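*Asks:*
Protein chains in written order, with my numbering: chain A, 45 to 163; chain B, 35 to 362.
Laid out in structure tokens, this is it:
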């Protein structure tokens, strides 16, 4: 099950739920990473045009926007931020869980598997 | 024998040179170039070997064609992309739109290079005899860097949808010298009309002449450039659905007529407009004019009798579905 925030997310940021942040920290621990953050971006391609990219990295790149929430830093590349502004990143587990889930107000359509979107 | 007939003879039984320098040639730099194109086009490009060429179609999110192009993976050099004439701007803009963090840079070399297309069963032998020390491709869809009489060149043996050619790519300044040497050795310069004659005979559509951004790959009979197993690319869901549910509503066909056909003429099935004439061959075959046409479902079956508004009788002879089996 995914989380819905009570207030809309401002367009100058992206948000992550506590559950998703915990999951990221869990992955980082499994890789013995002590200093880390979550790179959140998009790349071209994917059936709807754009695909979400997640990666646990040791630090931000120079042009990344840095956002901190639930003790986790998010690093969003400048060109990706336009497409992710106002997005909520959650984690869906359980038998029917989808893993990391993006709720993106910019996405006008998504593909059947949910990993690709168009603006 | 007319000049066109002589050119066609060279194309089919000798060596003809068609100057296709107007085609778009782009050098795609960066270690992420191939992966990026793989995500933006229909064919499996990640499996491309060193020195190998493969056709692919850049599609938009609606599965419609941006352009049809050949991707060449050159050993020790950036990718070479060969696309339709006048499409450099559209391709550069489209690929750049989908470039984020990738190491990728596009360079339009269309004006600084020339492309001489050699067609005909004697092409290989003539090129090898003329430039004895040059390494030439050993098989279809293979590229080599060659020294053609002191001119640094690239030679690509292409099987483009069933049309076999040798593409000789040289600096623009060297094109005339290479062409003249081939003519002195017995090659015939063939006009675009002669090339179109062969294209129509073989049922090979071209972007802009026969297809445009309103068409999807399956309408163009280009399934050989579409991988249905590689996973996501822009427009993939639409193309896959069209194929799975047999939803293609129109397609390129070969037609023949008993009188002159005009490019763009409407085709009627009874009183319904069902299509339009595309490339028309400039030379009749057995007194019949051959052409490619885009025709709606229900009227595209071979043997269907259509007419133009002028009353010219047009028969559908075959659907277009050409090329080698898909890469994957």
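A virtual CB, placed ideally from N, CA and C, is assigned to each residue, including glycine.
None of the values given here were measured: they were computed from a predicted structure.
#1: What's the C-alpha gap between residue 132(B) and residue 159(A)?
#2: Among the candidates 223(B), 287(B), 245(B), whose CA atom is the shortest distance from the CA of residue 235(B)?
#3: Enumerated in chain order, which unbroken segments of the alpha helix (DSSP H) with a length of 4 residues or greater are wholly contained in the segment 50-104 of chain A?
#4: Going by beta-carbon coordinates alone, are residue 194(B) and residue 238(B) separated by less than 8 Å?
#5: Does the separation of the CB atoms of residue 229(B) and residue 102(B) fall below 8 Å?
#6: Hey, would you say residue 68(A) sits closer than 8 Å to residue 124(A), going by beta carbons?
#7: Pick out whichever of 342(B), 320(B), 172(B), 352(B) has its Cα sitting closest to the Cα of residue 306(B).
#8: Give a yes or no on whether the minimum CB-CB distance between residue 142(A) and chain B is below 8 Å.
#9: Out of 79(A), 155(A), 121(A), 148(A), state which residue places its alpha-carbon closest to the alpha-carbon of residue 53(A).
#10: Figure out for me which residue from 345(B), 332(B), 303(B), 355(B) has the closest Cα to the Cα of residue 326(B).
#11: Measuring straight from C-alpha to C-alpha, what distance separates residue 58(A) and residue 61(B)?
#12: So is residue 39(B) buried or exposed if we call it buried at 16+ other beta carbons inside 10 Å?
#13: For residue 244(B), I'd like the list of residues in its chain whose CB is within less than 8 Å of its CB, leaving aside the five on either flank, ordered along the chain.
#14: Nearest-angstrom Cα distance between residue 249(B) and residue 154(A)?
#15: Are three or more beta carbon pairs between the segment 126-134 of chain A and the segment 171-183 of chain B nearer than 8 Å?
#16: With hydrogens ignored, establish whether the beta-carbon of residue 42(B) is closer than 7 Å to any heavy atom of the ligand NAD.
#17: Measuring alpha carbon to alpha carbon, tell me which residue in 350(B), 337(B), 231(B), 176(B) is nearest residue 83(B).
#18: Give me the Cα-Cα distance between residue 94(B) and residue 281(B), rounded to the nearest whole angstrom.
#19: Show which residues of chain B have a CB atom less than 8 Å away from the CB atom of residue 86(A).
#20: Just to make sure I have the definition right: I need the residues of chain B whose C-beta is within less than 8 Å of the C-beta of residue 89(A). Which are they?
#21: Within this structure, are the beta carbons of residue 317(B) and residue 231(B) separated by less than 8 Å?
#22: Output needed for residue 160(B): all residues of its chain with C-beta closer than 8 Å, excluding positions within five of it in sequence on either side, in chain order.
#23: Closer than 8 Å, CB to CB, is residue 95(B) near chain A or not?
#24: Residue 257(B) to residue 111(A), Cα distance in whole Å?
#25: Which one or two residues does DSSP pair with residue 135(A) in a beta bridge?
#26: Taking C-beta pairs closer than 9 Å, name the residues in chain A that residue 127(B) reaches, listed in chain order.
#27: What residues in its chain sit with their C-beta under 6 Å from that of residue 54(B), if we drop five residues either side in the sequence?
#28: Give me the chain B residues within the contact set of residue 162(A), using Cβ-Cβ distance strictly less than 7 Å, ordered along the chain.
#29: Between the alpha carbons of residue 338(B) and residue 224(B), how many angstroms are there, rounded?
#30: Return the chain-ordered list of same chain residues with a C-beta closer than 7 Å to the C-beta of residue 108(A), the five sequence neighbours on each side being excluded.
#31: For residue 79(A) and residue 101(A), what's the separation of their Cα atoms in angstroms?
#32: In or out: residue 359(B) buried (at least 16 other Cβ within 10 Å) or exposed?
#33: Using a Cβ-Cβ cut-off of 8 Å (strictly less than) and excluding sequence neighbours within five positions of residue 122(B), which residues of its own chain qualify?
#34: Using a cut-off of 8 Å between C-beta atoms, extract the partners of residue 271(B) located in chain A.
#35: Which chain B residues sit within Cβ distance under 9 Å of residue 74(A)?
#36: When you compare only the Cα positions, how much space is there between residue 37(B) and residue 43(B)?
*Replies:* Quick answer:
#1: Translated into the one-based positions of the second chain, residue 132(B) becomes position 98. Translated into the one-based positions of the first chain, residue 159(A) becomes position 115. For residue 132(B) and residue 159(A), the distance between alpha carbons rounds to 16 Å.
#2: What you label residue 235(B) is simply residue 201 of the second chain in a count that begins at 1. Comparing Cα-Cα distances from residue 235(B) to each of 223(B), 287(B), 245(B), the minimum goes to 287(B).
#3: 62-74
#4: The residue labelled residue 194(B) in the question sits at position 160 within the second chain. The residue labelled residue 238(B) in the question sits at position 204 within the second chain. Cβ distance < 8 Å, so residue 194(B) and residue 238(B) count as in contact.
#5: For the purposes of this step, residue 229(B) is taken as residue 195 along the second chain, with counting starting at 1. For the purposes of this step, residue 102(B) is taken as residue 68 along the second chain, with counting starting at 1. No.
#6: As a working note, residue 68(A) is residue 24 in the first chain. As a working note, residue 124(A) is residue 80 in the first chain. It is not a contact, given that the beta carbons lie outside the stated cut-off.
#7: Counted from its first residue, the second chain places residue 306(B) at position 272. The candidate whose alpha carbon is nearest that of residue 306(B) is 342(B).
#8: The residue given as residue 142(A) occupies position 98 in the first chain. It does not: the Cβ of residue 142(A) has no partner Cβ on chain B nearer than 8 Å.
#9: Walking along the first chain from the start, residue 53(A) turns up at place 9. Closest option to residue 53(A), Cα to Cα, is 148(A).
#10: Translated into the one-based positions of the second chain, residue 326(B) becomes position 292. Closest option to residue 326(B), Cα to Cα, is 355(B).
#11: As a first step, residue 58(A) is located in the first chain; it is residue number 14 there, counting from the start. As a first step, residue 61(B) is located in the second chain; it is residue number 27 there, counting from the start. When rounded, the distance between both Cα atoms is 37 Å.
#12: Position 5 of the second chain, counted from the first residue, corresponds to residue 39(B). Residue 39(B) is exposed by the Cβ-count criterion.
#13: Taking the second chain and counting its residues from 1, one reaches residue 244(B) at position 210. Excluding positions up to five away in sequence, the list reads 254, 286, 312, 313, 326, 328.
#14: Position 215 of the second chain, counting from 1, holds the residue named residue 249(B). Position 110 of the first chain, counting from 1, holds the residue named residue 154(A). Using only the alpha carbons, I get a separation of about 22 Å.
#15: no
#16: As far as ligands go, the structure on display features none, and thus does not contain the ligand NAD.
#17: Residue numbering aside, residue 83(B) sits at position 49 when the second chain is read from its first letter. Ranking 350(B), 337(B), 231(B), 176(B) by Cα distance to residue 83(B) puts 176(B) first.
#18: Counting from 1 along the second chain, the entry for residue 94(B) is found at position 60. Counting from 1 along the second chain, the entry for residue 281(B) is found at position 247. Whole-angstrom Cα-Cα distance: 18 Å.
#19: To locate residue 86(A), count along the first chain from 1; it is residue 42. Chain B residues near residue 86(A): 134.
#20: For this step, residue 89(A) is matched to residue 45 along the first chain. Those are 70, 72, 73, 74, 132, 266, 267, 268, listed as they occur along chain B.
#21: Looking up residue 317(B) in the second chain gives position 283. Looking up residue 231(B) in the second chain gives position 197. Yes, Cβ-Cβ distance for residue 317(B) and residue 231(B) is below 8 Å.
#22: Residue mapping note: residue 160(B) aligns to position 126 of the second chain, counting from 1. Closer than 8 Å at Cβ, skipping near neighbours: 49, 152, 216, 219, 220, 221.
#23: The residue given as residue 95(B) occupies position 61 in the second chain. Answer yes: the Cβ-Cβ gap between residue 95(B) and chain A drops below 8 Å somewhere.
#24: Translated into positions along the second chain, residue 257(B) becomes position 223. Translated into positions along the first chain, residue 111(A) becomes position 67. Cα to Cα, the separation comes out at about 45 Å.
#25: For the purposes of this step, residue 135(A) is identified with residue 91 of the first chain, where counting begins at 1. In the DSSP output, where bridge partners are listed per residue, residue 135(A) has 144(A).
#26: For the purposes of this step, residue 127(B) is taken as residue 93 along the second chain, with counting starting at 1. Residues of chain A passing the Cβ test: none, with the nearest at roughly 13 Å.
#27: In the second chain, residue 54(B) corresponds to position 20, counting from 1. Within the same chain, residue 54(B) has close Cβ partners 149, 151.
#28: In the first chain, the residue the question calls residue 162(A) occupies position 118. The contacting residues are 95.
#29: Taking the first residue of the second chain as 1, we reach residue 338(B) at position 304. Taking the first residue of the second chain as 1, we reach residue 224(B) at position 190. C-alpha separation (whole angstroms): 33 Å.
#30: Taking the first chain and counting its residues from 1, the one referred to as residue 108(A) is at position 64. These residues qualify, in order along the chain: 119, 120, 121.
#31: For this step, residue 79(A) is matched to residue 35 along the first chain. For this step, residue 101(A) is matched to residue 57 along the first chain. Going by the C-alpha atoms only, they are around 8 Å apart.
#32: As a first step, residue 359(B) is located in the second chain; it is residue number 325 there, counting from the start. Bear in mind that the predicted position of residue 359(B) carries a pLDDT of just 45, short of 50, making it unreliable; the figure below should be weighed with that in mind. Exposed: under 16 other Cβ atoms inside 10 Å.
#33: Translated into the one-based positions of the second chain, residue 122(B) becomes position 88. Cβ neighbours of residue 122(B) beyond the five flanking positions: 58, 60, 142, 144.
#34: As a first step, residue 271(B) is located in the second chain; it is residue number 237 there, counting from the start. Within chain A, the residues near residue 271(B) are 91, 92, 155, 156.
#35: Looking up residue 74(A) in the first chain gives position 30. Ordered by position in chain B, no residue passes the 9 Å Cβ test against residue 74(A), which lies about 25 Å from the chain.
#36: Residue mapping note: residue 37(B) aligns to position 3 of the second chain, counting from 1. Residue mapping note: residue 43(B) aligns to position 9 of the second chain, counting from 1. In a straight line, the C-alpha of residue 37(B) is about 10 Å away from that of residue 43(B).
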